[in-house]
Amino acid sequence: MQTNSFSAWHEQQTGQLTGQLQRLDKAAGSPSGPKADIKAARESIHENVIVEPNLQVRCFSYEDAGVRVPAHWHHSLEILLIDTGSMEVNMNDTRLQLQESDFVLINSGDIHSTSCSEHARICVLQIPYPFLKSNIPEYDHIRFRTGSCGKEETDRTFRLLLRQLQECGGQNLRPQKQPQPELSPGLSLHFKSLLYELLYLCVLRYQLPEADRGGRFSDTERARLIAVTDYVNAHYTEPVTLQEAAAVVALNPEYFCRFFKKSMGITFLEFVNQVRFSHVCRDILHTDQSIMEILARHGFTNYKLFRRMFHETYGCTPSAKRKEVSGR
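If you read the sequence shown in UniProt numbering, its first letter stands for residue 1, the second for the next number, and so on.
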């Protein structure tokens with residue numbers, strides 16, 4: 001962050017978001033209406049990290065069928081390694097095209113979205129903020145490079161550590177709600193040794209110089225974007241209007257419209273549709289429920305728009321893609 005530490009900044013912005021949502025409740029005439037569920041807004045799509053009791057981190061790999069994950073953020077440090085395929089990562093004002101063996105570090109609080117090629121396999125390491133803070137006391141005041149440190153030997157070691165953590169910590173732990181298997185004491189020690197070596201490399205070789213830590217967004221702008229993306233991800237199944245989103249961050253609707261488009265590169269309505277589209281696609285590809293039922297559950301009422309977005313993404317109809325993925 002440019003002025004405050006991450007923890008102090010987040011506490012301040014959480015309080016502001018709470019007040020903004022409460023004001024929105026009052027304006028709507030409902031002190032506790034469904035669109036002002038503060039708890040839901042806080043727990044939206046922060047990529048809720050399931051913490052393994054002994055290791056305090058989450059390490060897994062997964063295969064992606066090409067579903068786009070809309071803009072979101074989380075407290076954890078997240079590191080992605082492309083095993084196979086490719087991935088596009090949009091982070092703050094940067095677009096990264098990652099190929100096989102590339103990796104990216106996503107700092108705490110960074111707003112980002114991802115889009116994988118079909119059948120991409122991704123290794124994910126998520127390190128919770130409390131673990132980072134307890135082991136790196138100055139963590140609030142540092143940021144890491146998003147990718148290569150410029151030294152191939154160091155990058156090669158970094159990749160190797162990620163793969164060893166993946167092998168040691170267990171693979172294919174999706175869906176997220178399934179309990180994670182605990183490691184044996186010996187394996188747990190090995191995992192921790194690899195993890196600390198990786199963090200050592202992060203601090204030693206991937207830490208950004210202080211002069212390069214500033215981002216495109218000010219603290220206020222970042223807080224606004226986080227509040228709005230939280231709100232949409234908490235309420236995307238309901239009608240969400242631009243006026244409501246503007247009220248969440250106490251902005252004039254016209255100004256908010258320009259601010260959001262300039263910051264995110266898409267309109268607010270396009271973002272809402274992307275969020276709904278992502279959830280719909282995952283259910284279509286991984287469940288047997290009817291497509292119309294899935295659309296209704298996720299608030300996607302414009303079927304013609306959905307068909308167009310789906311064809312632009314996958315080059316076929318939802319039914320055809322479902323058959324391809326299921327092998328039927």
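For glycine and all other residues, C-beta sits at the position ideal for the given N, C-alpha and C.
Boundaries of the beta strand (DSSP E) around N90: M87 to M91. Under DSSP, Y62 takes part in a beta bridge, and its partners are I122.
The segment 305-318 makes contact with the segment 271-288, as at least three CB pairs between them are under 8 Å. Boundaries for P185: no beta strand (DSSP E) harbours it, while the alpha helix (DSSP H) harbouring it runs P185 to R205, taken from the DSSP string.
For the set L98, R143, I136 and I111, the Cα lying nearest the Cα of I122 is the one of L98. L125 has its alpha-carbon roughly 5 Å from the corresponding atom of I79. In its chain, beyond the 5 residues on either side, L242, Q243 and A246 have a beta carbon closer than 7 Å to the beta carbon of P253. The segment 219-266 contains no complete beta strand (DSSP E) run of 3 or more residues. Remark: fewer than three beta-carbon pairs, one from each stretch, lie closer than 8 Å, so the segment 291-301 and the segment 248-264 are not flagged as touching. In the assembly as shown, S113 is a buried residue. Its beta-carbon has 16 or more other beta-carbons within 10 Å. Nearest Cα to I111 within the set P130, S188, A71 and V104: A71. Per DSSP, L285 lies in no beta strand (DSSP E); the unbroken alpha helix (DSSP H) holding it starts and ends at F268 to H286.
The three-state secondary structure of P70, taken from DSSP, is strand.
Three or more beta-carbon pairs drawn from the segment 79-90 and the segment 99-108 are found closer than 8 Å, and the two stretches are therefore classed as touching. Contact between F144 and N107 is confirmed by a C-beta separation of about 6 Å, below the 8 Å threshold. Rounded to whole angstroms, the gap between the alpha carbons of R95 and M87 is 11 Å. Residue pairing by DSSP places R95 opposite N90 in a beta bridge. Around the CB of Y231, 16 or more other CB atoms lie within 10 Å, so the residue is classed as buried. Of the residues assessed, N302 falls on the exposed side of the cut-off, its CB having fewer than 16 other CB atoms within 10 angstroms.
At a Cβ-Cβ threshold of 8 Å, L165 and L187 do not count as neighbours. Going by beta carbons, V89 and V67 fall outside the 8 Å limit. CA-CA distance, F259 to E221, rounds to 9 Å. Annotation for V57: no beta strand (DSSP E) segment contains it, and DSSP assigns it neither H nor E.
Distance from the CA atom of S115 to the CA atom of S193, rounded to whole angstroms, is 32 Å.
Counting every other CB atom within 10 Å of its CB across the protein chains shown gives C316 a total below 16, marking it as exposed. Per DSSP, T84 is not a residue of any alpha helix (DSSP H); the beta strand (DSSP E) it occupies stretches across L77 to T84. Beta-bridge annotation (DSSP): C116 is paired with M87.
Inclusion of F131 and Q207 in the CB contact set at 8 Å is not warranted, their separation being larger than that value. Shown here, L105 sits in a strand according to DSSP, grouped into three states.
In the assembly as shown, P128 is a buried residue. Its beta-carbon has 16 or more other beta-carbons within 10 Å.
Put simply, the backbone Cα of T313 is about 35 Å away from that of C168. Comparing C-alpha distances from C281 to each of I136, V248 and S319 shows the shortest one belongs to S319.
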